[in-house]
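K.L.:
Read in order, the letters of the sequence shown are residues 1 to 226 in UniProt numbering. Virtual Cβ for every residue (Gly too), placed ideally from N, Cα, C. Because the structure is a prediction, the values reported are computed rather than measured.
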Amino acid sequence: MCLGVKLDIVRHQLYWLPGKAGNRRIMAGRRTSGALEMLLLSVLADGNSLSGYQISVILAEPVSLMWAVKHSQIYPALSLLEEQGDIVGSWIVQSGRPNKKNYVISPSGIERLTQWLLQPRDILSDDEVRLIAYNLDLIGQAKVDEALAKYLDQCLEERRQLEERWLGVWNAPWDHQASEERLVGIRSLYESALATRDARIAWCNEGLDRARRAVARTRPADERYV
1 MCLGVKLDIV
11 RHQLYWLPGK
21 AGNRRIMAGR
31 RTSGALEMLL
41 LSVLADGNSL
51 SGYQISVILA
61 EPVSLMWAVK
71 HSQIYPALSL
81 LEEQGDIVGS
91 WIVQSGRPNK
101 KNYVISPSGI
111 ERLTQWLLQP
121 RDILSDDEVR
131 LIAYNLDLIG
141 QAKVDEALAK
151 YLDQCLEERR
161 QLEERWLGVW
171 NAPWDHQASE
181 ERLVGIRSLY
191 ESALATRDAR
201 IAWCNEGLDR
211 ARRAVARTRP
221 ADERYV
């Protein structure tokens with residue numbers, strides 16, 4: 001069998017979709033332009049004064065809560081935000097150690113972050129919806145609920161399209177079918193993709209409620225939080 005035919009069969013196994021009008025391309029996983037700047041503003045939005053190193057620790061430990069950000073990315077982004085007036089930096093003199101620069105968000109930075117969070121979007125990326133949820137205190141419950149509902153619809157549509165693609169693989173003509181072991185391997189990719197969507201769907205449905213339960217604390221007689 002020539003290489004071109006083999007490639008056609010592999011493409012068919014992995015990517016074949018029945019010709020259906022109405023299947024729209026969803027790109028929730030894309031990296032959003034300017035998202036790093038908004039992430040840094042979000043970290044500073046509670047009014048804390050933080051150095052670039054402290055911000056990198058918040059984003060990296062124990063595992064990344066948002067997405068992997070390198071030191072080499074953080075400092076240029078902080079410099080740009082300072083130049084734009086979104087944050088204000090001040091040097092801290094340290095005895096026996098190199099001086100460090102701490103940053104606080106400015107009123108214009110809060111305004112820019114808020115506008116970015118609330119801007120209309122046809123498609124919500126992972127970056128965007130996570131930052132919207134993170135900034136619940138800044139934009140309010142109603143706007144977060146609206147974004148989560150939109151993101152939920154996207155995830156459900158992605159899941160539907162994945163299942164439809166699998167049916168295309170499963171129902172392909174026999175002369176285009178792979179071995180049973182190969183089909184198991186292909187299906188494992190679908191299982192991974194479906195599990196990711198299922199986790200996102202569960203987060204949309206239950207994430208905020210579970211978060212509230214996780215942070216709800218009572219003060220017992222011994223004055224220790226539990």
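Can you have a look at L189 and say buried or exposed, based on whether 16 or more other CB atoms are within 10 angstroms of its CB?
P.N.:
As a first step, residue 189 must be located in the sequence shown, where it is residue number 189. Counting Cβ neighbours within 10 Å, L189 comes out exposed, since fewer than 16 surround it.
K.L.:
Considering just the uninterrupted stretch of the alpha helix (DSSP H) at K143, what are its terminal residues?
P.N.:
One-based indexing of the sequence shown puts residue 143 at position 143. Counting along the chain, the alpha helix (DSSP H) containing K143 begins and ends at 141-170.
K.L.:
Excluding the 5 residues flanking L194 on each side, which residues of the same chain have their C-beta closer than 8 Å to its C-beta?
P.N.:
Residue numbering aside, residue 194 sits at position 194 when the sequence shown is read from its first letter. So the list reads R159, L162, E163, once near-sequence residues are dropped.
K.L.:
Starting from the C-beta of S106, find all residues in its chain whose C-beta is less than 8 Å away, skip the five residues before and the five after it, and write them out in chain order.
P.N.:
If you number the sequence shown from 1, residue 106 lands on position 106. Contacts found: G85, D86, I87, V88.
K.L.:
Report the rounded CA-to-CA distance for S72 versus L78, giving the unit in angstroms.
P.N.:
Position 72 of the sequence shown holds residue 72. Position 78 of the sequence shown holds residue 78. Cα to Cα, the separation comes out at about 11 Å.
K.L.:
Which residue comes first and which comes last in the alpha helix (DSSP H) that contains V184?
P.N.:
Mapped onto the sequence shown, residue 184 falls at position 184. Counting along the chain, the alpha helix (DSSP H) containing V184 begins and ends at 180-215.
K.L.:
Any idea which residues DSSP pairs S51 with across the strands?
P.N.:
For this step, residue 51 is matched to residue 51 along the sequence shown. Answer by DSSP bridge pairing, in chain order: N102.
K.L.:
Does the segment 40-53 come within contact of the segment 103-122, defined as at least 3 CB pairs closer than 8 Å?
P.N.:
Yes, they touch.
K.L.:
Consult DSSP for W91 and reduce its assignment to one of helix, strand or coil.
P.N.:
In the sequence shown, the residue the question calls residue 91 occupies position 91. Correct three-state label for W91: strand.
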